[in-house]
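Single-structure report; data block below.
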Amino acid sequence: MRGSFDTDDRPLVLIWEVTQACDLACEHCRADARPGRHPDELTTAEGKSVLDAAARFDENQLVVLSGGDPCKRPDLTDLVAYGDDLGLRTSLTPSGTSSLTGDAIAALSDAGLRRMALSIDGGDAESHDAFRGEAGSFEETMRAAENARAANLPLQVNTTVCAQTVAQLPAIREVVREIGAVLWSVFFLVPVGRGQLLDPIGPDRADRVMEWLAEVADEEPFGVKTTEAPQFRRVKLQRRDAGPDAGLERRSGVVAGDGFAFVSHTGEIYPSGFLPKSAGTVREDDLVSVYRESSLFTALRDRDRLSGKCGQCEFRRVCGGSRSRAFAHTGDPLASDPLCPYEPDGYRPVSGD
């Protein structure tokens with residue numbers, strides 16, 4: 001349990017990767033997306049069953065429809081409307097392409113979409129388009145932001161942090177403010193998919209970036225959160241000289257499998273899209289039961305099972321480290337997160353750390 005939110009019972013965020021199809025070729029793409037849709041994608045009926053299961057977690061469950069580019073599915077608006085009828089809070093992470101028209105965004109908003117997240121990985125067209133692998137992507141993304149505002153649809157901005165983008169963060173901050181986003185979600189690279197070809201930043205620099213992000217959160221009207229960098233919570237506590245217990249009264253420590261679940265385009269149930277270790281499939285297993293009872297998910301929710309520095313860290317209950325990054329580097333989702341430079345009080349390395 002994390003504060004008042006019981007992550008043993010349900011995830012804070014359930015992501016359904018509705019397709020891996022996408023017209024972009026982004027350098028960091030977890031899905032290694034391709035232009036065409038996979039022939040074994042979940043059907044509309046199967047997708048609605050996923051949404052039915054989400055509503056069994058909670059009628060107000062947050063569901064993120066991701067990709068690839070979810071706009072490549074012709075039934076997307078129907079799926080959003082179905083989720084809205086169930087009472088779900090549905091968000092969308094589309095690609096910045098010409099398919100994201102004003103009419104398409106208005107239709108999604110009318111169907112009940114609650115938020116749209118746009119990816120911005122550079123403070124100008126040149127840097128963003130180079131990272132996204134498509135000329136004109138920045139312009140399309142800015143146009144989509146304008147259309148979202150016209151549809152009264154709250155905006156979130158997603159940004160990848162790696163060696164190629166870290167210097168752009170101050171400029172991206174300005175863009176986030178200018179387009180009126182309500183949240184900036186900053187993703188620290190996990191080497192999966194095409195992201196394996198990118199260079200991550202080092203642990204010490206990661207902590208410095210998080211210290212800067214904490215300042216941004218204090219100064220800007222929009223919220224700031226990190227993805228696959230739960231040590232941001234440790235950094236924020238340390239900035240105010242607070243101990244690890246100070247964060248337990250709030251929802252905190254959400255990591256892969258613990259407050260987070262992912263359904264792939266073909267129905268595999270993962271703790272996260274960045275931790276592609278299957279605990280079942282929605283075509284054969286009950287999504288709610290897999291989250292609550294499978295050995296993989298229950299292990300990830302037991303912070304006392306973490307090994308190495310993460311297992312000995314006094315901040316493990318409010319942080320827990322990126323389980324996805326640990327898995328990507330070691331094959332063990334319970335190992336230490338190599339991005340974290342923090343040495344726990346009384347840390348004693350053991351063989352294999």
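Under my numbering, the first residue of the sequence shown carries the number 1, and numbering increases by one thereafter. Beta carbons: idealized from backbone N, C-alpha and C, even for Gly.
### Task
Kindly indicate the opening and closing residues of the alpha helix (DSSP H) around Q312.
G308 to Q312
### Task
From the DSSP output, read off the bridge partner residues of I172.
Answer is none; I172 lacks a bridge partner.
### Query
L12 by DSSP, collapsed to three states: which one?
coil
#### Entry: For L118, the residue or residues it bridges with in DSSP
V157
#### Entry: Counterpart residues of T227 in DSSP-defined beta bridges
F187
### Query
Just to confirm, does S66 get its C-beta within under 7 Å of one of the non-hydrogen atoms of the ligand GDP?
Ligands are entirely absent from the displayed structure, and the ligand GDP is therefore not among its contents.
### Query
When burial is assigned at 16 or more other CB atoms within 10 Å of the CB, is P244 buried or exposed?
buried
### Task
Tell me whether the beta-carbon of S109 lies closer than 8 Å to the beta-carbon of A145.
no
### Query
A300 and G257: beta carbons closer than 8 Å?
Checking the sequence, you will find Leu at residue 300 rather than Ala. Yes. Within cutoff.
### Message
As a quick exercise: from G102, E220, R292 and A242, pick the residue whose alpha carbon is nearest that of F260.
### Response
R292
### Query
At a cut of 8 Å, does the stretch 114–134 reach the stretch 153–171 through at least three beta carbon pairs?
yes
### Sequence ranges, alpha helix (DSSP H) only - wholly within the stretch 204–290, length at least 4
231–239
### Task
Take G83 as the anchor and find which of R303, Q61 and D23 has the nearest alpha-carbon.
Q61
### Query
For S98, does the three-state DSSP call read helix, strand or coil?
coil
### Query
Just checking my contact of C319 with Q238 at CB under 8 Å: how many whole Å lie between their CB atoms?
Not really, about 11 Å apart at Cβ, beyond 8 Å.
#### Entry: Sequence-distant residues of the same chain with beta carbon closer than 6 Å to L42, five excluded per side
G267
### Task
Could you check if S264 is buried or exposed, using at least 16 other CB atoms within 10 Å of its CB as the buried criterion?
buried
### Query
Pairing CB atoms from the stretch 85–96 with CB atoms from the stretch 316–333, are three or more of them under 8 Å?
no
### Query
Among residues of its own chain, excluding the 5 on either side of V255, which ones have a beta-carbon nearer than 6 Å to its beta-carbon?
P230, G320 and R323
### Query
Which term fits G331, buried or exposed, when burial requires 16 or more other beta carbons within 10 angstroms of its beta carbon?
exposed
### Nonlocal neighbours in the same chain, by C-beta distance under 7 Å from D345, ignoring five residues either side
E314
### Query
My guess is that P271 and L296 are in contact by the Cβ rule of under 8 Å, so how many angstroms apart are they, rounded?
7 Å
### First through last residue of the alpha helix (DSSP H) which encompasses R149
S137 to A150
### Message
Just to confirm the assignment: which complete beta strand (DSSP E) runs, minimum length 3, are found wholly within the stretch 44–68?
### Response
62–66
### Query
How long is the line joining the alpha carbons of A81 and K48, rounded to whole angstroms?
10 Å
### Query
Alpha carbon to alpha carbon, how far is A53 from A111?
20 Å
### Task
For E17, I'd like the list of residues in its chain whose CB is within less than 8 Å of its CB, leaving aside the five on either flank, ordered along the chain.
A31, S66, G67, G68, F262, V263, S264, H265 and G273
### Query
Can you tell me where the beta strand (DSSP E) with R89 in it begins and where it stops?
R89 to L92
### Query
Going by alpha carbons, who is nearest to K309 out of L334, E140 and H329?
L334
### Query
What three-state label does DSSP hand E17 in the structure shown?
strand
### Message
Can you tell me whether P70 is buried or exposed? The criterion is at least 16 other CB atoms within 10 Å of its CB, across all chains shown.
### Response
buried
### Message
If you follow the alpha helix (DSSP H) that R323 is in, where does it begin and where does it stop?
### Response
R323 to T330
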